[in-house]
Amino acid sequence: MAQADKEFAPERIVLDEQHPWPSLHAFTEENHSFFRGRDREVEELVRRIKRQVLTVLFGVSGLGKTSLLQAGVFPALTKADSLPILVRLDHESQELDVVDQVRRAIADRLEVPPDIAFKEFPAGESLWSLFHRKVSALRSRDRSVCVILVFDQFEEIFTRWLGSPEGESRRRHFLSELASLVENRPPEELKARLERDASIISDYDFASETCRIVISLREDYLPHLEDLKARLPSVMENRFRLSAMDPQQALDAILGPGHAIISESVAREIISFIGERDSGDSDQTQMRLEVDPALLSLICSELNAQRIIDKLPLISLDLLHGRSHRILDEFYLRCFEFLPEGQRAAARAFVEDRLLTPAGHRGTVAVETARAELASAGVDSQAIYQLVHRRLLQVDERHGLHRVELAHDVLTKVVTENRTRRHELNAIEDLRKRESAELAEAKERADSAAAQIRRLRKARLAYGSAGAVFAVLCVVMAYLVFMTGQLTDQAIAAKANEEKHRKRAEQERQTAQEALKLAEKREADARAAEAQARVAETQARAAEESKNQLLLKGIPYRLCSVLASNDPKATEDFWAPKVAYYQYGLVTRELLISQHRRDNKQYPFRNYTVTTTPIFTDDPGSSLWIIKFGMNYTLLTPQRQPATGELDITLKVDRSYRVTQISQEVVRARRN
């Protein structure tokens, strides 16, 4: 590796009690003890990874998918005797095929020496063969270890190779390899070899499941992933959507690592600010807030940096109220303050134009290319290192090549806004320069015409004293008078043209201002629409959860009617999916009890009654619901004697509201 590349190696993020938040950097496995607020998500994601070969993690930008994987899921998988391997593909590499990059990542994680890796992970071998060969570096390890390949920022598969035939070919090859591995389809090349030589079948374990795949991508690229379902059906089966933090999770993320430097009241104010709600709202409103983890980490980190500068023991409310609404923009502009005044504009232009795509997404540039471009623009070659140190940029090492990019997606908005302002100011400045040039040209033409008029007048006076040539001079004077009139007209026309250009420049200025106002209005409308969509989504989820609870509550009471009636038809209905919904509609608990009592009048000697409120929980080993409740019964024994008692009932119900298992325990029984 070149010395220059070493100088720009990715910065190691070190967190401690006085610096507990990583700003816009992702939490790593090394500092997982500072990662808080995502316990539920970690548990659910680990459960899904263990259950199926392929897991898809998706969510909008800025929710901390990388942090969740590295600092939450990886430590949990490692404790469970799994080996998580983070794979970030280098789509610009000309040396390594994408599949070869996956093999290299596995070899590096297993710490296989290069000379052995060359034999154990030969170039050109399929991923399926790698994980199904009976003799390999993977098999020589403890057989209980399961390799977890985690493809972070998977959306780059769909964005980096657009319009490139070679890139499209590489993309198809990689997706084909991935599909064969996930769906356990031996590659066509191996099938052909088996037809030629059946003896090699003993070299492979076709039923092996020593690998799991995790795909992490932005939510807006989910439709691209769904386009793969024909060759990769599993992509539709096991998905986990990462949502924004709720207020309690955000509070844990602040106070968990930062309890020594921030109070709970200030933490709640920060959450309220990020959620764009007044901190005086009711608790019910507070619980509806959604918090962006990346923004939370940046703001806490910035406030903490100011606390250290001010030598304060705690982050205070005064500190928050003084900077809250300017933190992102100030952070961005402050990142360039280390540069001399004359270099800042060029450095900002590089970041805004080269590290941000026209659509507003993050782009990457090789470090050496970035340094060369900055140097050609008159910027210090050390600027990239400083911008990484200030956490505006990050450097990602992929197979020995260092590439620089924005530190987080949450920065794309503020960088886009600054780029738009810069382009608008440049357009206005260009317009001003054109106006000045046109006005100067018009003035020059007017001055030239006036000078010519003065020369003609002097000539007329000089020739006027010579009477001998009076007749000739009359003719000349007539011509001069005519020319003077012509030049005067030219001066007037030049003045009019100057006024015309001035008015046009003013009109273009007004048009630019109106376009800026329209853009700002559209941006505000888009933010409002996005907020309304989030509210609608939250309300829809709440309505769905309420319906689920209502339907589940109906099942115990319907069960009483079935048991009391001994009616085969009723029993069949009870086991039918969604029985409470389809038979009764959105009914209340009281209506169900009333229906139950009417049924029991027909069978006075066989009566069941729910006596305790049903308790609902998730079955940790499956996707079923568990319903527990108490029940009283009255029935006739085979000897026609009445008997009464109490039961504890446990039901297991699937997500279609179908009862799959009933168990009961007699608490008390007696004969009358």
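Following the numbering used here from start to finish, the sequence shown increments by one per residue and tops out at 1288.
We treat Cβ as the ideally placed atom computed from N, Cα and C, and that holds for glycine.
Residue i burial status per 10 Å Cβ neighbour count (16 or more: buried)
| i | result |
| --- | --- |
| residue 667 | exposed |
| residue 930 | exposed |
| residue 630 | exposed |
| residue 819 | exposed |
| residue 910 | buried |
| residue 1230 | buried |
| residue 973 | exposed |
| residue 1172 | buried |
| residue 1123 | exposed |
| residue 745 | buried |
| residue 1195 | With a pLDDT of 35 at residue 1195, under the threshold of 50, the predicted position of this residue should be treated as unreliable, though the coordinate-derived value follows. Residue 1195 is buried by the Cβ-count criterion. |
| residue 657 | buried |
| residue 740 | exposed |
| residue 815 | exposed |
| residue 1119 | exposed |
| residue 1278 | exposed |
| residue 1041 | exposed |
| residue 1058 | buried |
Alpha-carbon spacing of residue i relative to residue j, whole angstroms
| i | j | result |
| --- | --- | --- |
| residue 769 | residue 1238 | 29 Å |
| residue 1097 | residue 1065 | The predicted model places residue 1097 with a pLDDT of 47, which falls under 50 and marks its position as unreliable; any figure quoted below should be read in that light. Looking at the two C-alpha atoms, the distance is approximately 14 Å. |
| residue 1299 | residue 908 | An answer regarding residue 1299 cannot be provided, because it is not within the stretch 617 to 1288 covered by the chain. |
| residue 687 | residue 654 | 10 Å |
| residue 795 | residue 802 | 10 Å |
| residue 1005 | residue 1012 | 14 Å |
| residue 999 | residue 850 | 45 Å |
| residue 958 | residue 1063 | 38 Å |
| residue 994 | residue 962 | 8 Å |
| residue 979 | residue 1017 | 16 Å |
| residue 859 | residue 692 | 20 Å |
| residue 1030 | residue 689 | 30 Å |
| residue 1249 | residue 1260 | 6 Å |
| residue 804 | residue 1267 | 48 Å |
| residue 636 | residue 874 | 6 Å |
| residue 953 | residue 800 | 54 Å |
| residue 727 | residue 705 | 19 Å |
| residue 934 | residue 1272 | 53 Å |
| residue 660 | residue 855 | 11 Å |
| residue 1021 | residue 1126 | 36 Å |
| residue 1054 | residue 950 | 38 Å |
| residue 1153 | residue 1026 | 22 Å |
8 Å contact criterion, which residue i and residue j should meet: CB distance rounded
| i | j | result |
| --- | --- | --- |
| residue 870 | residue 878 | 6 Å |
| residue 863 | residue 919 | Contact flag wrong, Cβ pair sits at about 18 Å. |
| residue 652 | residue 872 | 3 Å |
| residue 1264 | residue 1280 | 7 Å |
| residue 1353 | residue 867 | Only positions 617 to 1288 of the chain appear in the structure, and residue 1353 is not among them; the question remains open. |
| residue 1019 | residue 981 | 7 Å |
| residue 840 | residue 774 | 4 Å |
| residue 817 | residue 665 | That pair is no contact at about 30 Å. |
Neighbourhood of residue i by C-beta, 7 Å cutoff - its chain only, sequence neighbours within 5 removed
| i | result |
| --- | --- |
| residue 1217 | Model confidence at residue 1217 stands at a pLDDT of 47, short of 50, so the residue's coordinates are unreliable; what they give is reported in the following sentence. Hits under 7 Å: none found. |
| residue 793 | 715, 742 and 743 |
| residue 821 | 748 and 750 |
| residue 798 | 669, 670, 829, 848 and 850 |
Beta-carbon proximity list for residue i, same chain, < 8 Å, skipping 5 on both sides
| i | result |
| --- | --- |
| residue 619 | In this prediction, residue 619 scores a pLDDT of 41, lower than 50, which makes its location untrustworthy; no coordinate-derived value is stated. |
| residue 1232 | 1165, 1168, 1241, 1242 and 1243 |
| residue 639 | 913, 914, 917, 918, 1007 and 1023 |
| residue 1246 | 1226, 1227, 1228, 1262, 1263, 1264, 1265 and 1283 |
| residue 662 | 689, 692, 693 and 696 |
| residue 990 | 962, 963, 966, 996, 997, 999 and 1000 |
| residue 936 | 882, 885, 886, 889 and 919 |
| residue 675 | 681, 834, 835, 857, 858 and 859 |
| residue 970 | 979, 981, 986 and 989 |
Contacting residues, own chain, Cβ-Cβ under 6 Å from residue i (five flanking each side not counted)
| i | result |
| --- | --- |
| residue 852 | 845 |
| residue 1203 | Bear in mind that a pLDDT of 38 at residue 1203, under 50, signals an unreliable position, so the number given afterwards is only what the model happens to contain. Nothing listed; no residue qualifies. |
| residue 834 | 677 and 771 |
| residue 1035 | 968 |
| residue 767 | 703 and 831 |
| residue 1103 | Note that residue 1103 scores 49 on pLDDT, short of 50, meaning its location in the model is unreliable; the coordinates nonetheless yield the value given after this. The answer, listed in chain order, is 1065, 1068 and 1069. |
| residue 976 | 1028 and 1032 |
Within-7 Å CB hit, residue i to chain D
| i | result |
| --- | --- |
| residue 909 | Note that chain D does not occur in the displayed structure, where there is just one protein chain. |
Any chance the stretch 718-725 sits against the stretch 687-701, with 3 or more Cβ pairs inside 8 Å? yes
Legend entry - Three CB pairs or more closer than 8 Å across the stretch 913-925 and the stretch 985-1000: no
Notebook entry, point to check: Does the pairing of the stretch 630-646 with the stretch 810-830 give three or more beta-carbon distances under 8 Å?
Noted result: no
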